[in-house]
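I have placed the structure first, in the form of structure tokens, so that the comments after it can refer back to it.
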Amino acid sequence: MTGYELVLLWVAWILGGGSPGPATLGIASTSMNTGRRMGLMFSLGILFGSAFWGVAAALGMSAVMMTNAWVFETMRYVGAAYLLYLALKSLRSALSDKNALMGKAQSGSAARVFTKGALIHLTNPKAILGWGAIYAIALPATASVGDLFWMFGFLYSGSILVFIGYAFLFSSAGVVHVYQRMRRWFEFTFALLFGAASLKILTAKAL
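Those letters in the sequence shown? Residues 0 to 206, per my numbering, in order.
Put into structure tokens, the structure is as follows:
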């Protein structure tokens, strides 16, 4: 991939991680209701779970690519389908009157909140699917184990930015107010970007 394509991939990864879901809504609600410290602990737990699946997917993909090229190719289409799912989910949220930030706030000790965050990702099968799909989209079938782990670190830096950023941003009343006012525009933008990315992957394979 070129430098420009890597930047686009990183931005797409950030948008995917930042779109409303169990992890981001949990961080936002926890930060708003129990404070920044608990929001950070919850986000660190989510990052732990994300790292676990990211490394597991990298190890698994390296084995798959050496023995079953067709599985790798299938994952490319799975990745495109997942992006389309995110586009439809964002569009549905944009058309809904429901407040996207009304997730469940986590409380308890710092260790307990961290554990709850980790369990969200460790028990989410879509987490490893997302990592596997992005590896298949971003790297050629001839990629080495080193390439896979470089890509993991590159994308994981975006995950850190998103999840830690959510804890800081949504512990601020002003940011929450702005987001709620502009929620529909954010969701429509997510839907457009995810849909365009999915279409690009599918059409590129058809050429």
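Don't be surprised by glycine CBs; every beta carbon is placed ideally from N, CA and C.
Can you have a look at residue 120 and say buried or exposed, based on whether 16 or more other CB atoms are within 10 angstroms of its CB? buried
Three-way DSSP call (helix, strand, coil) for residue 42 in this model: helix
Would you mind sorting residue 143 into buried or exposed? The rule is 16 or more other CB atoms within 10 Å of its CB. exposed
Quick check: the stretch 160 to 169 against the stretch 31 to 40, are at least 3 beta-carbon pairs closer than 8 Å? yes
Would you call residue 195 buried or exposed, if buried means 16 or more other Cβ atoms sit within 10 Å of its Cβ? exposed
Counting C-beta neighbours from all protein chains within 10 Å, is the total for residue 5 16 or more, i.e. buried, or is it exposed? exposed
Within its chain, find whatever has a CB closer than 7 Å to the CB of residue 191; leave out the 5 residues flanking it on each side and keep chain order. none
Considering only residues of the same chain and omitting the five flanking positions on each side of residue 12, which have a CB-CB separation below 8 Å? 133, 154, 157, 158
Between the CA atoms of residue 160 and residue 14 - distance to the nearest angstrom: 11 Å
Closest residue to residue 95 among 3, 2, 184, 198 (Cα-Cα distance): 184
Determine, using beta carbons only, whether residue 56 and residue 130 come nearer to each other than 7 Å. yes
Work out the CA separation of residue 2 and residue 18 for me, nearest whole Å. 24 Å
Can you grab the Cα-Cα spacing for the pair residue 26 / residue 162, in whole Å? 7 Å
Relative to the alpha-carbon of residue 181, which residue among 20, 58, 92, 146 has its alpha-carbon at the smallest distance? 92
Looking at the structure shown, is residue 169 part of a helix, part of a strand, or coil, going by DSSP? coil
Let me check understanding here. Comparing Cα to Cα, which of 176, 59, 110, 187 lies closest to residue 135? 59
Quick check on residue 172: buried or exposed, where buried means 16 or more other Cβ atoms within 10 Å of its Cβ? exposed
Classification of residue 28 by the beta-carbon crowding that lies within 10 angstroms, buried from 16 upward: buried
Going by C-alpha to C-alpha distance, which of 176, 84, 150 sits closest to residue 138? 150
What residue range does the alpha helix (DSSP H) around residue 141 cover? Run containing residue 141: none; DSSP gives neither H nor E here.
Look at the alpha carbon of residue 118 and the alpha carbon of residue 20, and state the distance between them as a whole number of angstroms. 14 Å
Using 8 Å for Cβ pairs, my map puts residue 126 next to residue 49. What's the rounded Cβ distance? 6 Å
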